[in-house]
Every structure is written in structure tokens, then in C-alpha cells.
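Residue numbers for the sequence shown follow this note's numbering, so the first one is 880 and each next one is one higher. All C-beta atoms, glycine included, are put in the ideal place defined by N, C-alpha and C. Right, one structure below, let's go through it.
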Amino acid sequence: MNLHMSTLAGALMLFLTRATFAQEYQFPLTEWGAPDLQGNWKNATVMPFQRPSELGNKQAYSEEEAIVLERRVQLAVEEDNKPLDPNRPAPKAEALPPVGNYDLFWTDRGMFLPTINGEFRTSAIIDPPNGRIPERVAGFQDRMLKLQANRPDRSDGPEGRALGERCLLSFGYSSGPVMTPVLYNSHMQIVQSPGYVNIIVEMAHDARIIKISNKRNPASEKLQKWMGDSIGHWEGDTLVVETKNYNPATIYRGAPTENLTVIETFRREANNKIVYGFSVDDPTVYSAPWGGEYPLSRMEEPVYEYACHEGNYAIIGILAGARRLESITTAKAEDQSH
């Protein structure tokens, strides 16, 4: 699995559980004999990435707790979806509600909690046992301050804006690795051919090409890709993918990716489910490796073209606003100097 299990007992239990599922389910094969992962999938779920701290080492909910959690989320969406009263009074100026940037029409929240190995997980992260990302290494904040001091101002030009705003990558790590569900478009299509596995993520037209090989091409060390350079191999019915060599502009959870290695696993648990595992290791950022799993649920709907660049006037407005603010500031400074 390549997850850093905390104890030998935990690893043994995971192996026995998977062995039971493997006996119950016969995974399909492609015409060239590889395990077949193809299809359209989604990873939207009510399961959070990190476990709420009050749950401690509780890895799974009971079925009754899972039903309550799902209904709570569904009721929140129903409440948000209620029509507004056109005769409601105007809010007080000093207590304006947060407007946000999307209404409910544009969102596609996870509404259910699919199981993994029969468990209703309390978080995607299962290692460490508390389901939380380990602390950053000593000196990390000082390192980040130095890096930020050498970066262009966020409003100097498009290069200072986030990759998602520039339509170069999805926001929220949807395309990964680690592939994480976000506010909407948490959909992907897996296509296989002899020697390759391709993952097309709906947001924002991102496509990962994973070469099936036991050895990384030395020339790839110089190819720093947005989503890193990925190679994969089969361990029984499980696809294991190692990714490193990210583009220097790619940031993962607020940290540089120059020393980041991500191990992913893809394993069919049923015709309508893939268990997606991940392990994150960067000794220059995290005090310990960490990892977890997401359920990928089959969907019948197609993966649509995101077309992020079409009509992307936001970045034009952001930069135009910054130039306007600069001209106002300059004019005020000149008036004060006279």
C-alpha cells in the first residue's frame, strides 16, 4: 500500500481486511491483461480531509453516526437552497453578511459518505492515527518568509496570481497529486492503454499521463511538470504511482514542492468503487510522512470540458483594479507634495 502504517498490528489488520474484500470481488481486466480502472469517477464526499480534533484516534463512524452526519449536510444544503423573501428588510450596514463568490447553483458538495473497506471513515487521513497532517519542521516559517520576499507582488502581473486564477491548474488540489475533492467539479475520467494510465480531471482541464514503468527516465528529472512527473507499476490488482519533480510554481498546501514525493494507489473494491490511497513525504516540510485514502465512486455522467480560459475576466479585473489603485495613490502623494 506504501502508506506509512503506525503499527505492525494496524498494517496486519489492513492486509486481512483487504484480503477479505479481494476474495469477494473479482476485478475486471483490460484486453491486454492489466487491472481495469477505466470509467468516470467522482471523489466528492462529506468526509473531511483532516479529522476533527475532538474525534482523536477514532477512524470510523458507526452506521447510525454516518447517517446523522449525511443528513446534517443535506439539511444545510436544503436551507441554503431556500428562496429568499423579496420583502425582507435590508441588512444593517455594519453587519453585512459575507457574500462569497459562488451561490448554491454553482456548487456540487459531497452529500454522502461512501465506505472504504466497510468503514465510514472520519477523515481521509488515517496515518498518523489522529487523522491530522503532522506539524511542519523547525524553521519552515522562516524559509517561507524568505521565499515570499523574493516573489512578485500578487498584483504586479499575472505571474503573481494563483495558478487556479490563471487557469493553469485546478484550485484546491483537485488534480493532485494528492487528488482532493473541492467545491465542485470533483470528477475525473480514467483511460488506459498498454503502458499508460491517463487521468483527466474535470477541473480545470488537467490531464495526468502516468507511464507504467519500473524505472524513471533520468531525462524526466529535468521535466518539472505542473502535477509532477508520475510513473506507475502494478502490484497485483493495485496501481502504485510515484510522483516527484514538480514545477517550481506548484505549491502544495502552502509549501514548495521541490522535495515532495507522493505515492498513490488505485484499487478496485467493486464495480462502482475505487479506493484511492495517498502517502506524502517531504522531510523539508513535514515532521513525519502522512497518508490516507479516498473512495472514488463511479458516475454515469460524462466529464465536461471546463473551458476555464473562456470568459475569464476576473484576472483582467483584478490587475486593472490594482493599476487604478496605484494611480489614485500616486495622485494623492503628488497632491500632498505640493
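From the options, pick the residue whose C-alpha is nearest to that of residue i; which is it?
i	options	result
Thr924	Glu943, Ile946, Pro1013 and Gly989	Gly989
Trp985	Ser1216, Arg1177, Val1159 and Val1061	Val1061
Ile1197	Glu1137, Arg1132, Gln1068 and Asp1032	Asp1032
Ile1078	Asn1191, Pro931 and Gly918	Gly918
Glu942	Ile995, Arg1015, Thr1208 and Leu983	Ile995
Glu949	Tyr1131, Glu1044, Ile1110 and Arg1000	Arg1000
Glu1172	Ala939, Ala913, Glu933 and Glu1038	Ala939
Glu933	Arg1011, Asn1096, Leu992 and Gly997	Arg1011
Val1154	Val952, Gly997 and Asp964	Gly997
Using a threshold of 8 Å, state whether the C-beta atoms of residue i and residue j are closer than that.
i	j	result
Asn1126	Trp1105	yes
Val1182	Thr1144	no
Thr1136	Phe928	no
Val1159	Ala1134	no
Pro1013	Ser1166	yes
Ala1128	Leu1042	yes
Pro914	Trp1113	yes
Under the assumption that residue i contacts residue j (Cβ atoms under 8 Å), give the Cβ distance between them as a whole number of angstroms.
i	j	result
Ser1053	Ser1065	6 Å
Lys921	Met1082	Wrong, their Cβ atoms sit about 12 Å apart, outside the cutoff.
Gly1074	Ile1091	5 Å
Counting C-beta neighbours from all protein chains within 10 Å, is the total for residue i 16 or more, i.e. buried, or is it exposed?
i	result
Leu1047	buried
Asn960	exposed
Asp1116	buried
Ser1216	exposed
Glu1205	exposed
Asp1214	exposed
Asp1006	buried
Pro1174	buried
Ser1109	buried
Asp1021	exposed
Quick check on residue i: does DSSP put it in helix, strand or coil?
i	result
Gln1071	strand
Thr1209	helix
Asp1021	helix
Asp1006	strand
Gly1170	strand
Asp964	coil
Val947	helix
Lys1094	coil
Asp1108	strand
Lys1101	helix
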